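Below is one structure; the comments refer to it alone.
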Amino acid sequence: MAVSQGGINGPVVGKLNKLVSYVLNGQVVVRSIGTVTAQSTVPQLSARMKTSISSKLLKVLQEFFNVGFSIEVKGSTKNAFNKAVEINSRKMTVGVYPNFQVDYSKIELSRGILKKGENLLAAATDELISFSWTADLKMAWPESTDLVMMIAYFPQENRSVYKIGGNPRSTGADTLTLPPSLKGLHAETYMAFVAADRKQVSDSTYLGSLNLPVQQP
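So in my numbering, spot 178 of the sequence shown is number 1050, and the numbers just go up one at a time.
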């Protein structure tokens, strides 16, 4: 759609049929839209497929990224999600075109200087995923008040279940409750910590793939 920026007598800027007009150095420039006739190369097709795969997955993780990379982009012009895409989009797909697969272990959901924790584990029942880590009774403040961040991604449904700002680090455990529609599916699990004041985060940790049990009647 083309728009007249200065009213009826002003320059027309935008797309009109096969013409595109825009202002360049004070002058209105009009050019035609060309048609690409050359066949795409394998590298081009490969890049497009990788972008398609990563975009579809990473959008589902956006709420987690918004916290996980909030410190990484502080003081820059980038937002947290764009930073996450920049970091993950190229390295998360493995294989040779057109047989790409996602390497979930390479996906980073957060970056920061907080401790990642020790003995991080995820386990599943038919109703929830439990996360655990070592809780030191002598843990000092404010480390003891760091909050757990948990997420489970379900590739078959391209859905995620997450909790941002769960139990304090001092408790050593928390859970994600699963909706019935995700029972019996496998999940990719990750965990991180965020400071209680949200001013710092830890690097995320990939906890592996879980095959959720199906509830018996």
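Built from N, CA and C at the ideal position, the CB exists for glycine as well.
These numbers come from a predicted model, not from an experiment.
CB of residue i within 7 angstroms of CB of residue j, strictly
i, j, result
"valine 1073", "serine 961", "no"
"glycine 828", "leucine 1019", "Within the shown structure, residues of the chain are numbered from 873 to 1089, placing residue 828 beyond reach of any answer."
"threonine 1077", "methionine 1063", "yes"
"threonine 1049", "leucine 1009", "no"
"phenylalanine 1026", "alanine 1059", "yes"
"serine 924", "tyrosine 969", "no"
"leucine 986", "tryptophan 1005", "no"
"valine 966", "methionine 1021", "no"
"lysine 950", "methionine 964", "no"
Residue i burial status per 10 Å Cβ neighbour count (16 or more: buried)
i, result
"serine 1032", "buried"
"arginine 1070", "exposed"
"glutamate 944", "buried"
"glycine 984", "buried"
"glycine 947", "exposed"
"threonine 1017", "exposed"
"serine 927", "exposed"
"alanine 1012", "exposed"
"glutamate 980", "buried"
"serine 942", "buried"
"valine 875", "Confidence is the limiting factor: at valine 875 the pLDDT is only 48, short of 50, which leaves the residue's position unreliable and the question unanswerable from this model."
"glutamate 935", "exposed"
Expected contact under 8 angstroms - CB spacing of residue i and residue j to nearest Å
i, j, result
"threonine 1061", "glycine 1044", "Not confirmed; about 17 angstroms, so no contact."
"leucine 1084", "aspartate 975", "That pair is no contact at about 21 angstroms."
"phenylalanine 937", "alanine 956", "4 angstroms"
"arginine 1041", "alanine 1007", "7 angstroms"
"isoleucine 1036", "valine 939", "5 angstroms"
"alanine 1068", "proline 1014", "7 angstroms"
Residue i - containing beta strand (DSSP E), residue span
i, result
"isoleucine 943", "Element bounds for isoleucine 943: n/a, residue is neither H nor E."
"serine 1081", "1077-1083"
Continuous alpha helix (DSSP H) stretch holding residue i: start and end
i, result
"lysine 922", "914-932"
| message | Just to confirm the assignment: which complete beta strand (DSSP E) runs, minimum length 3, are found wholly within the stretch 955-1019? | response | If we require 3 residues or more, the beta strand (DSSP E) runs fully inside the stretch 955-1019 come out as 965-968, 971-974, 993-996, 1000-1004.
| said: Threshold first: 3 residues or longer. Then list the beta strand (DSSP E) segments lying entirely within the stretch 1019-1071, N to C. | reply: Segments of the beta strand (DSSP E) lying fully in the stretch 1019-1071: 1019-1026, 1031-1040, 1045-1049, 1058-1066.
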